[in-house]
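K.L.:
In my numbering, the protein residues as written are 2 to 185.
Positions of the beta carbon are idealized from the N, C-alpha and C atoms, including for glycine.
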């Protein structure tokens with residue numbers, strides 16, 4: 002089962018790397034994982050969607066191939082000014098059909114106490130519109146900048162507990178979508 006983890010932040014000193022390490026550790030070997038980092042897959046601001054491009058650049062072709070071949074997406078999102086980080090939104094907006102009828106799980110984080118919940122809620126709308134409705138459980142890691150420190154332990158523990166439930170749901174939905182896509 003192939004999944005793609007989409008990162009959202011391109012900032013220097015970002016928390017995405019810490020959260021990604023935890024997510025990878027908690028996933029274990031349940032999936033074949035591809036990571037798409039907007040720091041590595043740099044896209045121009047949206048002008049044409051992938052399907053509208055006559056001669057897409059290599060980065061678009063690579064992303065199209067990754068997205069088309071994946072069985073499910075886990076989006077690891079920060080929260081910028083109560084919203085979706087622009088690099089992630091821009092990446093999602095460039096594609097469409099590649100996301101349809103695939104499972105989607107959203108993991109959010111921030112240095113605030115509610116762990117990116119507003120970004121997560123906005124992403125639920127965007128992902129549903131793209132045809133990959135998010136699963137019910139969305140782990141949120143508040144005070145992620147305090148990972149490994151005593152004052153951040155309860156947030157980290159809660160994230161891990163919620164992530165285990167998330168992973169069970171994500172696996173179920175991914176398998177269900179795979180079975181339905183195979184019928185077509």
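#1: Report yes if the C-beta distance between residue 141 and residue 178 is below 9 Å; otherwise report no.
#2: In angstroms, rounded to a whole number, what distance separates the CA positions of residue 64 and residue 150?
#3: Excluding sequence positions up to five away, which residues of its chain have a Cβ less than 7 Å from the Cβ of residue 38?
#4: Which whole-angstrom value describes the C-beta separation of residue 139 and residue 79, a residue pair presumed to lie in contact below a C-beta threshold of 8 Å?
#5: Could you tell me if residue 24 is buried or exposed, where buried requires 16 or more neighbouring beta carbons within 10 angstroms of its beta carbon?
#6: Would you list, in sequence order, the uninterrupted beta strand (DSSP E) runs of no fewer than 3 residues that lie entirely inside the region 80-139?
#7: Short of 6 Å in beta carbon distance, which residues of its chain neighbour residue 164, apart from the five on each side in sequence? Order them along the chain.
#8: Does DSSP put residue 16 in a helix, in a strand, or in coil?
#9: The beta strand (DSSP E) with residue 74 in it runs from where to where?
#10: Which residues in the same chain have their Cβ closer than 8 Å to the Cβ of residue 33, if we skip the five residues on either side of it in sequence?
#11: Using the Cα positions of residue 50 and residue 94, report the straight-line distance between them to the nearest angstrom.
#12: For residue 44 and residue 68, I'd like the C-alpha separation in whole angstroms.
#13: For the alpha helix (DSSP H) that contains residue 64, what are its first and last residues?
#14: What's the C-alpha gap between residue 98 and residue 35?
#15: In the DSSP assignment, the beta strand (DSSP E) including residue 34 goes from what residue to what residue?
#16: Considering only residues of the same chain and omitting the five flanking positions on each side of residue 1, which have a CB-CB separation below 6 Å?
#17: Skipping 5 residues on each side, what residues in its chain have a beta carbon closer than 8 Å to that of residue 127?
#18: Express the C-alpha separation of residue 112 and residue 185 in angstroms, rounding to a whole number.
#19: Would you tell me roughly how many angstroms separate the C-alpha atoms of residue 115 and residue 108, rounded to the nearest one?
P.N.:
Judging by the given coordinates:
#1: no
#2: 36 Å
#3: 8
#4: With 8 Å as the limit, residue 139 and residue 79 do not qualify as a contact, their Cβ atoms being about 14 Å apart.
#5: buried
#6: 104-110
#7: 27 and 140
#8: coil
#9: 73-78
#10: 2, 3 and 4
#11: 7 Å
#12: 15 Å
#13: 59-70
#14: 19 Å
#15: 33-37
#16: With the chain running from 2 to 185 in the structure shown, residue 1 is simply not present.
#17: 85, 90 and 93
#18: 43 Å
#19: 12 Å
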